[in-house]
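*Asks:* With the first letter of the sequence shown counted as 1, position 168 gets the number 163 in our numbering; the numbers rise by one all the way through. Once you've had a glance at the structure underneath, I'll fire off some questions.
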Amino acid sequence: MAVQQGMSASAQAALRLRRLLAKQTQEVKEMEVELQDREAERLHLLQLLKYKEQILQQESFATERLRAALYSAKGCKQYYLMLCVLRSWRDATLRANSRRGLAQAKEQGVEVVLRHACGALAMGLRQLVNRRIADAMHELWLHAAAKRLQSPQEPNPAYCIASSDMFAGQVIDSDWALQSEEPYKLDEVAEYEALVARLHSELRWERSRREACDKALETLRGSYSLLLSRASAQKNILKV
């Protein structure tokens, strides 16, 4: 009986062990299935994570490219802004230089024209005065030469008074000759006085004309100085 009871107890223990082993085996299988499911889920999550990492990496690359493009655009903006400023400054400088050169050219043109006009006027006046004076001197010289050629030699009155009675007839004849020549000499003196008066009037007219020309030259010089002052004022304004 004891043996049967021992055998039954061992059989029961073995049965319990079998049941326990089967149960554990079933649990192990279920755990393996669950583990496989978890592993598949983990792999799927890893794939999703890699995909997300790739997307994040692409987005980071795109962000870096956009940031580089933004920096490049800012640099291009500053460069073109500086280029526009420099070109506008260059254009303004060129315009100012051209205006200054035009003003200087106008001043030089006005100066040359006024200088040429003053020189031509002075030369014309000088030539005219010299011509008139030369004509007057030539006419005086011709008149004096003609007078020297036409007038006879006058007798010496002291010699006539100191002569003796033997030359009384000669003295009377010489007095008669002098009296006959007096109207001719008076006519020559009148002509000479008229010529001198005409020459004096011409000289006075030339002097008045020369004074008028001098006044005109002074007026031209005043206008030239006024133009120079205005040009210098415009030059100072352009420099400012």
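Yeah, the Cβ is synthetic: ideal placement off N, Cα and C, and Gly gets one too.
Could you give the distance in angstroms between the alpha-carbon of D86 and the alpha-carbon of H111?
*Replies:* Computed Cα separation, rounded: 36 Å.
*Asks:* Measuring straight from C-alpha to C-alpha, what distance separates L38 and L44?
*Replies:* Cα to Cα, the separation comes out at about 10 Å.
*Asks:* Are there 16 or more other CB atoms within 10 angstroms of the CB of S5, so buried, or fewer, so exposed?
*Replies:* S5 comes out exposed.
*Asks:* Would the segment 76 to 91 and the segment 196 to 211 be scored as touching if the rule is three or more Cβ pairs under 8 Å?
*Replies:* Counting Cβ pairs under 8 Å, fewer than three are found: no touch.
*Asks:* Determine, using beta carbons only, whether V107 and L222 come nearer to each other than 8 Å.
*Replies:* Cβ distance not < 8 Å, so V107 and L222 don't count as in contact.
*Asks:* Would you report the Cα separation of R193 and C113, rounded to the nearest angstrom?
*Replies:* Answer to the nearest angstrom: the Cα atoms are 30 Å apart.
*Asks:* Between which residues of its own chain and E177 is the CB-CB distance below 6 Å, once the five residues before and five after are set aside?
*Replies:* The pLDDT assigned to E177 is 47, lower than 50, so where the model puts this residue is not dependable, and the model offers no usable value.
*Asks:* From the DSSP output, in three-state form, read off Q165 for me.
*Replies:* Reliability of the predicted coordinates at Q165 is poor, the pLDDT of 46 falling under 50, and the value obtained from them is presented with this limitation in mind. Helix, per DSSP.
*Asks:* For chain D, find out if any of its Cβ atoms is closer than 8 Å to the Cβ of L76; answer yes or no.
*Replies:* The structure shown has no chain D; it contains just one protein chain.
*Asks:* Taking Cβ positions, are L120 and R205 nearer each other than 8 Å?
*Replies:* Yes, they are a contact pair.
*Asks:* Can you grab the Cα-Cα spacing for the pair L51 / K24, in whole Å?
*Replies:* Distance between the alpha carbons of L51 and K24: 39 Å.
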